[in-house]
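Student: The sequence shown begins at 0 in numbering that gives the first Met the number 0 and counts up one residue at a time.
We put the CB at the ideal spot given by N, CA and C, even for glycine.
The model shown is predicted, which means the values in this text are computed figures rather than measured ones.
Below: one structure in structure tokens.
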Amino acid sequence: MLYAFDDDVPSLSEADERIINLTMLTKNVLEHYQNPDPVGLPEAIVPPYSDPEPIPDNESPLWSMHNSTMRGHSKFRLKKLYVNLVDLQLEFGISIDTLVVVGNYSYWKMYEGYYNVTLIQLHIDGHLSLKVSESGHLETNNLNMNMNYESLHMDTDKINIPFYDTFVNSFTNFVVQTIKPIIMKLINVMIKEELNQKMKHFKRFPNTIPPVDLLIAESRQQIKSMGYDPWRVEDLINAVNFNIFSLDVNEIWISGLSSIYRLGDIHISIQNQTIISVIHIGTQELKGHCQWKIGAAGLLKTTGVLSFSIDYIQLEANVTQPMDTRLAPFLNEFGLSVGNIQLRMDGAGTIDYLAEALVNIFPNILRNKIVDAMELPIKKRIQDFLDKVDVQEKIEQRIPPIIDKMMEHNITDIFKENEILHEDINIVSKEDF
Numbered sequence: 000m001l002y003a004f005d006d007d008v009p010s011l012s013e014a015d016e017r018i019i020n021l022t023m024l025t026k027n028v029l030e031h032y033q034n035p036d037p038v039g040l041p042e043a044i045v046p047p048y049s050d051p052e053p054i055p056d057n058e059s060p061l062w063s064m065h066n067s068t069m070r071g072h073s074k075f076r077l078k079k080l081y082v083n084l085v086d087l088q089l090e091f092g093i094s095i096d097t098l099v100v101v102g103n104y105s106y107w108k109m110y111e112g113y114y115n116v117t118l119i120q121l122h123i124d125g126h127l128s129l130k131v132s133e134s135g136h137l138e139t140n141n142l143n144m145n146m147n148y149e150s151l152h153m154d155t156d157k158i159n160i161p162f163y164d165t166f167v168n169s170f171t172n173f174v175v176q177t178i179k180p181i182i183m184k185l186i187n188v189m190i191k192e193e194l195n196q197k198m199k200h201f202k203r204f205p206n207t208i209p210p211v212d213l214l215i216a217e218s219r220q221q222i223k224s225m226g227y228d229p230w231r232v233e234d235l236i237n238a239v240n241f242n243i244f245s246l247d248v249n250e251i252w253i254s255g256l257s258s259i260y261r262l263g264d265i266h267i268s269i270q271n272q273t274i275i276s277v278i279h280i281g282t283q284e285l286k287g288h289c290q291w292k293i294g295a296a297g298l299l300k301t302t303g304v305l306s307f308s309i310d311y312i313q314l315e316a317n318v319t320q321p322m323d324t325r326l327a328p329f330l331n332e333f334g335l336s337v338g339n340i341q342l343r344m345d346g347a348g349t350i351d352y353l354a355e356a357l358v359n360i361f362p363n364i365l366r367n368k369i370v371d372a373m374e375l376p377i378k379k380r381i382q383d384f385l386d387k388v389d390v391q392e393k394i395e396q397r398i399p400p401i402i403d404k405m406m407e408h409n410i411t412d413i414f415k416e417n418e419i420l421h422e423d424i425n426i427v428s429k430e431d432f
């Protein structure tokens, strides 16, 4: 597959030319999917097929087809796409409203003429898996496809053939069986071979780590640089005020938010011109400490230091983005859960019964505080960001350099300090919030 751009820009370096071509290609793809009903490939991509496509002559003991061509396959629509970023699995669905096959036929070597077979609502479903080869390059592994159609009809210039209906039924099946491997080969070239060819330009991935986990690992540094590890929780004043008892908690610090890792699969799907992304991540065990003060009847007061551990914090989010990138994305679902909290306390002094009460009530207080401090504010901040972000601009500005760096460097080197800064591969930065 070729890109319809002129690379002859003598005044530019090879790297600059590459970025310009990637940028132009990105813009063209975005413009293509801004259409309410995008059909075929973007204009900037020269398809690896022709329309009409010549069909090799084919014969059987009863009939033959020759001088045949297939038309309409370039008007395909992408109906669905599902990508599992962990297992590197891809499922797709393509539809073609009308596929026409025309040519000449011979029947019993006695009847010859012109035929036109039209397939209505052709559907092709496929499943493709990727793998990291021993050389470290991503490559396609298996591509399985099946094809079906809703109806077909045949026109011919001769209808006086004996057993005409039998002839039509049998010959149309013969035509379908002839074009099926051709269509499959075209899709194989367009998807599998093209992907393999393009992925050879990318440098090596480690074959033991899913590429998406590399990005999650890099986001750990991003969390630290944005000031969320360690994270200070807002003070709890009068966290408990029951009859004669009161509790204040301050200097609450939690460490370990950057220990995030993937929980289950991370996948992206396309349905009804909408991109749907789902992510589920969690942290390792978190550590924290705080200062506390308990009072009783305004007379007895004691203070101390409390250390605690939190089994995990988990986050699950679902974001939708219209294929028309001029429209804003939307946070559909967002959920936060906090694991078991264990305490270790110093400074109880002579009123151990108050300290015991603190041990009993503090985990729930802290859990509720963490959820209140993170869930709604983070959800609101994310949605505020999604409302104001110019997705198209972000993609046009940042995707080409990212792809270029992935082509220039081994993927693992991108994450090494002094090789490429993590800001270079982030579509979203701290300044975006």
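Could you spell out the range, first to last residue, of the alpha helix (DSSP H) harbouring Ile182?
Tutor: Unbroken alpha helix (DSSP H) run through Ile182: 163-186.
Student: Take every Cβ of the region 25-42, pair it with every Cβ of the region 53-67, and state whether three or more of those distances are shorter than 8 Å.
Tutor: The region 25-42 is not in contact with the region 53-67.
Student: Ordered along the chain, which non-local residues of its own chain (more than five positions away) have a Cβ less than 6 Å from that of Gln272?
Tutor: The answer, listed in chain order, is Met322.
Student: Give me, in chain order, the residues of the same chain whose beta-carbon lies closer than 8 Å to that of Arg343; leave out the 5 immediate sequence neighbours on both sides.
Tutor: So the qualifying residues of the chain are Leu305, Ser306, Phe307.
Student: Alpha carbon to alpha carbon, how far is Phe166 from Ile394?
Tutor: For Phe166 and Ile394, the distance between alpha carbons rounds to 54 Å.
Student: Does the beta-carbon of Thr302 have 16 or more other beta-carbons within 10 angstroms, so that it is buried, or is it exposed?
Tutor: With fewer than 16 other Cβ atoms within 10 Å, it is exposed.
Student: What's the gap between the Cα of Thr68 and the Cα of Asn83?
Tutor: One C-alpha to the other measures close to 37 Å.
Student: Check whether the region 382-392 touches the region 327-340, counting contact only when three or more Cβ pairs, one atom from each stretch, lie closer than 8 Å.
Tutor: A contact exists between the region 382-392 and the region 327-340.
Student: Which residues mark the beginning and the end of the beta strand (DSSP E) in which Val82 is found?
Tutor: Taken as a continuous stretch (DSSP letters only), the beta strand (DSSP E) holding Val82 covers 75-83.
Student: Does Pro399 pass the burial test, meaning 16 or more other C-beta atoms within 10 Å, or should it be called exposed?
Tutor: By the 10 Å Cβ count, Pro399 comes out buried.
Student: Quick test of your reading: Ile269 and Lys79, contact by CB under 8 Å. State the CB separation rounded to the nearest angstrom.
Tutor: Ile269 to Lys79, Cβ: 6 Å. Contact.
Student: Quick one: grab the DSSP three-state call for Glu133.
Tutor: Here Glu133 sits in coil by DSSP.
Student: Can you name the start and end residues of the beta strand (DSSP E) that Met64 belongs to?
Tutor: Note, Met64: beta strand (DSSP E), 62-70.
Student: With 16 as the cutoff for other CB atoms within 10 Å, does Ile413 come out buried or exposed?
Tutor: For Ile413, the pLDDT reaches just 43, beneath the cut-off of 50, and the residue's location in the model is therefore unreliable, although a value from the coordinates is still provided. It is buried - the Cβ of Ile413 has at least 16 other Cβ atoms within 10 Å.
Student: Please report the straight-line C-alpha distance between Gln396 and Thr25, rounded to a whole angstrom.
Tutor: Answer to the nearest angstrom: the Cα atoms are 9 Å apart.
Student: Can you tell me whether DSSP reads Gly348 as helix, strand or coil?
Tutor: Any reading at Gly348 needs caution, since the residue's pLDDT is 48, under 50, leaving its predicted position unreliable; the model's value is listed next. Three-state result, Gly348: coil.
Student: Consult DSSP for Leu214 and reduce its assignment to one of helix, strand or coil.
Tutor: Helix, per DSSP.
Student: Closer than 6 Å by C-beta to Thr349: which residues in its own chain qualify, once you throw out the five before and the five after it? Chain order, please.
Tutor: For Thr349, the pLDDT reaches just 43, beneath the cut-off of 50, and the residue's location in the model is therefore unreliable, although a value from the coordinates is still provided. Closer than 6 Å at the Cβ level, and outside the excluded window around Thr349, lies no residue.
Student: Can you give me the C-alpha to C-alpha distance between Ile364 and Asn317, rounded to a whole angstrom?
Tutor: The alpha-carbon atoms of Ile364 and Asn317 are separated by roughly 28 Å.
Student: So the candidates are Gln120, Met64, Ile215; which of them puts its Cα closest to the Cα of Ile178?
Tutor: Per the Cα distances, Met64.
Student: According to the Cβ coordinates, are Leu151 and Leu118 closer than 8 Å?
Tutor: Taking 8 Å as the Cβ cut-off, Leu151 and Leu118 qualify as a contacting pair.
Student: Give every residue of the same chain whose Cβ lies closer than 6 Å to the Cβ of Gly125, excluding the five residues on either side of it in the sequence, and list them in chain order.
Tutor: Excluding residues within five positions, the ones whose Cβ falls inside 6 Å are Phe91, Met144.
Student: Could you tell me which residues DSSP puts in a beta bridge with His266?
Tutor: His266 is bridged to Asn83, Val277.
Student: Candidates Ile259, Ile186, Pro51: which alpha carbon is nearest Leu127's?
Tutor: Taking only the C-alpha atoms, the option nearest Leu127 is Ile186.
Student: Hey, quick one: how far does the beta strand (DSSP E) through Thr324 stretch, first residue to last?
Tutor: It is not in any beta strand (DSSP E) - Thr324 carries neither H nor E in the DSSP assignment.
Student: Mark Leu61 as exposed unless 16 or more other C-beta atoms lie within 10 angstroms of its C-beta, in which case mark it buried.
Tutor: Leu61 should be labelled exposed.
Student: Rounding to the nearest angstrom, what Cα-Cα distance links Trp230 and Gln382 in this structure?
Tutor: Answer to the nearest angstrom: the Cα atoms are 22 Å apart.
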